[in-house]
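Numbering (UniProt numbering), first residue to last: 1 to 219. Even for Gly, the Cβ is constructed at its ideal location relative to N, Cα and C.
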């Protein structure tokens, strides 16, 4: 009687163990796994893109980057990386043809029709215009002469340096002896009279011809 009972108890225990093992296997098979769709917790996908369409390098699907520039180097305001704009001008105000847009040395010959005296003053580095009025205080101003007319040229020493005034041709030679002596007394003046001829090209201080030189136009 005792032996029959023990065997029955053993069979009941074995059956319970088998049932528990079976249920555990079913539970493991039915649990969903994380990450099967390739996405991560931060919203990015395996290919490096994010939900808003941008990629890890900062560019978007339309080719633009976060700083507003596009793949061709231009920015949203129309300028390019080399500083030029769509209209051909650059940041410093010059244009592609090399001009700076400064026409401050424009001369109107009509303003010179009644002029008979040219008065220039030395300042140690350049000539400074005194008369006529349109060249007053201008450095090395362009002057206009009318062929055949006579003009008085006045050199005034404004700095105490050793200077003179003479008229040159294109070969840098004095035209018809039109020249003053060298003079360094500040405030003093020397002058000569010259007839305008086509060969006159410049007025010059001979000792300082590198900087004290201006253009003469003959009409």
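Here's the rule I'm using: 16 or more other beta-carbon atoms within 10 Å means buried, otherwise exposed. How should residue 216 be labelled?
The sequence position of residue 216 within the chain shown is 216, counting from 1. Residue 216 should be labelled buried.
Collapsed DSSP secondary structure at residue 218 in the structure displayed
On the chain shown, position 218 is the one that residue 218 refers to. Three-state result, residue 218: strand.
Name the residue from 179, 209, 196, 140 whose alpha carbon lies nearest to the alpha carbon of residue 189.
To locate residue 189, count along the chain shown from 1; it is residue 189. Looking at the Cα atoms, 179 is the closest of the given residues.
Just reading off the beta strand (DSSP E) that residue 106 is part of, what are its end residues?
Here residue 106 is taken as the residue at index 106 of the chain shown, counted from 1. Counting along the chain, residue 106 falls outside any beta strand (DSSP E), and DSSP gives it neither H nor E.
Whole angstroms are fine: how far does the CA of residue 199 sit from the CA of residue 111?
Position 111 of the chain shown, counted from the start, is the residue given in the question as residue 111. Position 199 of the chain shown, counted from the start, is the residue given in the question as residue 199. Straight-line Cα distance between these residues: approximately 22 Å.
Under 8 Å by Cβ, that's how I've got residue 150 and residue 206 pegged, so tell me the actual separation to the nearest angstrom.
On the chain shown, position 150 is the one that residue 150 refers to. On the chain shown, position 206 is the one that residue 206 refers to. The beta carbons of residue 150 and residue 206 sit about 23 Å from each other, so the pair does not count as a contact at 8 Å.
Within 8 Å, strictly: CB atoms of residue 139 and residue 160
Taking the first residue of the chain shown as 1, we reach residue 139 at position 139. Taking the first residue of the chain shown as 1, we reach residue 160 at position 160. No, these two residues do not count as a Cβ contact at 8 Å.
Just verifying my parser: in three-state terms, what is the DSSP assignment at residue 133?
As a position in the chain shown, residue 133 is number 133, starting the count at 1. DSSP places residue 133 within a helical segment (H, G or I) once states are collapsed to three.
In three-state DSSP terms, what is residue 206?
One-based indexing of the chain shown puts residue 206 at position 206. Reduced to three states, the DSSP call for residue 206 is helix.
Nearest to residue 135 by alpha carbon, out of 122, 118, 145, 125?
Your numbering for residue 135 matches position 135 in the chain shown. Relative to the Cα of residue 135, the nearest Cα in the group 122, 118, 145, 125 belongs to 118.
DSSP on residue 165, reduced to helix/strand/coil?
Your numbering for residue 165 matches position 165 in the chain shown. In this structure, residue 165 counts as coil in the three-state DSSP scheme.
Look up residue 189 in the DSSP assignment and say whether it is helix, strand or coil.
Translated into positions along the chain shown, residue 189 becomes position 189. Collapsing the DSSP output to three states places residue 189 in a strand.
Check whether residue 193 and residue 152 have beta carbons under 8 Å apart:
Along the chain shown, one-based indexing puts residue 193 at 193. Along the chain shown, one-based indexing puts residue 152 at 152. Their beta carbons are under 8 Å apart, which means residue 193 touches residue 152 by this criterion.
Just verifying my parser: in three-state terms, what is the DSSP assignment at residue 175?
Here residue 175 refers to the residue found at position 175 when the chain shown is read from its first residue. Strand, per DSSP.
Any heavy atom of the ligand NAD closer than 7 Å to the beta-carbon of residue 167?
With respect to the ligand NAD, the structure shown offers nothing to examine, as it has no ligands at all.
Report yes if the C-beta distance between residue 203 and residue 120 is below 8 Å; otherwise report no.
Residue numbering aside, residue 203 sits at position 203 when the chain shown is read from its first letter. Residue numbering aside, residue 120 sits at position 120 when the chain shown is read from its first letter. Yes, the pair counts as a contact, with Cβ atoms nearer than the cut-off.
Residue 176: buried (16+ other C-beta within 10 angstroms of its C-beta) or exposed?
Mapped onto the chain shown, residue 176 falls at position 176. Looking at its Cβ environment, which holds fewer than 16 other Cβ atoms inside 10 Å, residue 176 is exposed.
Cross-strand partners of residue 115 (DSSP beta bridge):
Reading the chain shown from its first residue, position 115 is the one you call residue 115. Paired residue(s): none; residue 115 is not in a bridge.
Among the candidates 127, 174, 133, 131, whose CA atom is the shortest distance from the CA of residue 157?
In the chain shown, counting from the first residue as 1, residue 157 sits at position 157. The residue with the shortest Cα to Cα distance from residue 157 is 127.
May I ask which residues mark the beginning and end of the beta strand (DSSP E) holding residue 157?
The sequence position of residue 157 within the chain shown is 157, counting from 1. Unbroken beta strand (DSSP E) run through residue 157: 150-157.
Whose CA, out of 208, 143, 219, lies closest to the CA of residue 122?
Working through the chain shown from its first residue, we reach residue 122 at position 122. That would be 208, whose Cα lies nearest to the Cα of residue 122.
Which word fits residue 141, buried or exposed, when buried means at least 16 other C-beta atoms lie within 10 angstroms of its C-beta?
Mapped onto the chain shown, residue 141 falls at position 141. Residue 141 comes out buried.
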